[in-house]
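Novice:
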Ligand code: F6P
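Put into structure tokens, the structure is as follows:
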């Protein structure tokens, strides 16, 4: 089928760099002769026909802006077979022949269903969590890391002044990528991630932190910073338990949605530009149900079904490196 009109939407949690990706998809799509249509509020908007025609000037002044100008949503109705069929029908009525979906795993499951039902789709990975198994990088991750790093540096100042223990919870859903990199970048004493620590009883986690605080005190440390991934959670409860066991004043800080906003870093803008172009190239080549990925540092693509079946996990080396560097003692 000849593709004349391409829709683009953002879905799931927003991520810095999504706007840069929209800009790239639209401008490069137009240059390849496609008519470009924006779908507002993700799959929710697709079901409701919330479309806007886009030209080159529609995406002016976007590249540096956080969030997504197309807005985003999580739609329960879309996830049903009836919802998918309706979405395809609404898209066809508007003359949309193919769709570029910028989002995470959940968004790609939707894209997969749409392709199965006759609407060609291409996925672009956009999430701060970097938890999409088939790609080494997802748009928004670098910006979120930098935001979290700056926030932790600030908490560290006050923790040192007050000689406190600070538990700082970062986002990441069920993954610990943000937590480990932020812990390494801020010189945190310890990191807790769901992949390694979620199953551990709370008392055991507390004991580990308490032992570590004692090691730190023995070498004259003035603070104790623990980065906790949200998939481990419970930082307030842990803080109370630690303070009770050690007598060291302990505070919990949940960074929350601050990590999702802000102007994208250069890395996110560049990757967004490249991935947007690749998505359009794939459609021009008549491909569908593909996800744009970074593999061995290079731009590539993969079947969405295969991509969704893959698994990746955090680096054991980096996880251990956090504690080793903090203590100056190497556990292999
Ligand atoms: O997937 C991005 C993310 O920010 C996760 O890190 C977090 O678990 C989730 O979205 C929060 O979602 P919401 O915006 O619905 O609170």
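Residue numbers (our numbering): 536 to 867.
The C-beta atom is built at its ideal place from N, Cα and C for all residues, glycine as well.
Count the other CB atoms, across all protein chains shown, that sit within 10 Å of the CB of residue 595; report buried if there are 16 or more and exposed otherwise.
Specialist: With fewer than 16 other Cβ atoms within 10 Å, it is exposed.
Novice: Since residue 725 is in the beta strand (DSSP E), which residue starts that stretch and which ends it?
Specialist: Counting along the chain, the beta strand (DSSP E) containing residue 725 begins and ends at 725–727.
Novice: Pick out whichever of 728, 781, 730, 713 has its Cα sitting closest to the Cα of residue 795.
Specialist: 713
Novice: Going by Cα to Cα distance, which pick from 673, 844, 727 is closest to residue 832?
Specialist: The shortest Cα separation from residue 832 among 673, 844, 727 belongs to 673.
Novice: If we ignore side chains and look at the alpha-carbon of each, how far apart do residue 613 and residue 703 end up?
Specialist: 35 Å
Novice: Looking only at its own chain, which residues have a Cβ that is under 7 Å from the Cβ of residue 562, when we skip the five neighbours before and after it?
Specialist: 591, 594.
Novice: Quick check: is any heavy atom of the ligand F6P less than 8 Å from the C-beta of residue 768?
Specialist: Flag unset: Cβ of residue 768 not near the ligand F6P.
Novice: Within 9 Å (strictly less), CB to CB, does residue 648 reach chain C?
Specialist: Any reference to chain C falls outside this structure, which holds one protein chain only.
Novice: On the CB-based measure, 16 or more other CB atoms within 10 Å of its CB, does residue 648 come out buried or exposed?
Specialist: buried
Novice: Excluding five sequence neighbours on each side, which residues of the same chain lie with their C-beta closer than 7 Å to the C-beta of residue 678?
Specialist: Closer than 7 Å at Cβ, skipping near neighbours: 551, 552, 797, 799, 800, 803.
Novice: Put residue 783 into one of helix, strand or coil per three-state DSSP.
Specialist: In the three-state DSSP reduction, residue 783 falls in the coil class, being neither helix nor strand.
Novice: Return yes when the C-beta of residue 788 is under 8 Å from any heavy atom of the ligand F6P, and no when it is not.
Specialist: Not under cutoff, so the answer is no.
Novice: Which residue marks the beginning of the beta strand (DSSP E) containing residue 702, and which one marks its end?
Specialist: 700–705
Novice: Excluding the 5 residues flanking residue 837 on each side, which residues of the same chain have their C-beta closer than 7 Å to its C-beta?
Specialist: So the list reads 669, 825, 826, 828, once near-sequence residues are dropped.
Novice: Residue 727 and residue 694 look like a contact to me (Cβ under 8 Å); what is the Cβ gap, rounded to whole Å?
Specialist: Between residue 694 and residue 727 the Cβ distance is about 17 Å, and since that is not below 8 Å, they are no contact.
Novice: Alpha carbon to alpha carbon, how far is residue 860 from residue 722?
Specialist: 8 Å
Novice: Let me check you understand the geometry: is the CB of residue 711 closer than 8 Å to at least one non-hydrogen atom of the ligand F6P?
Specialist: Incorrect: residue 711 has no Cβ contact closer than 8 Å to the ligand F6P.
Novice: What are the start and end residues of the beta strand (DSSP E) that includes residue 835?
Specialist: 833–838 is the extent of the beta strand (DSSP E) around residue 835.
Novice: Output the distance between the C-alpha atoms of residue 735 and residue 609, rounded to the nearest integer angstrom.
Specialist: 31 Å
Novice: If we call anything under 9 Å between Cβ atoms a contact, is residue 564 one with residue 541?
Specialist: yes
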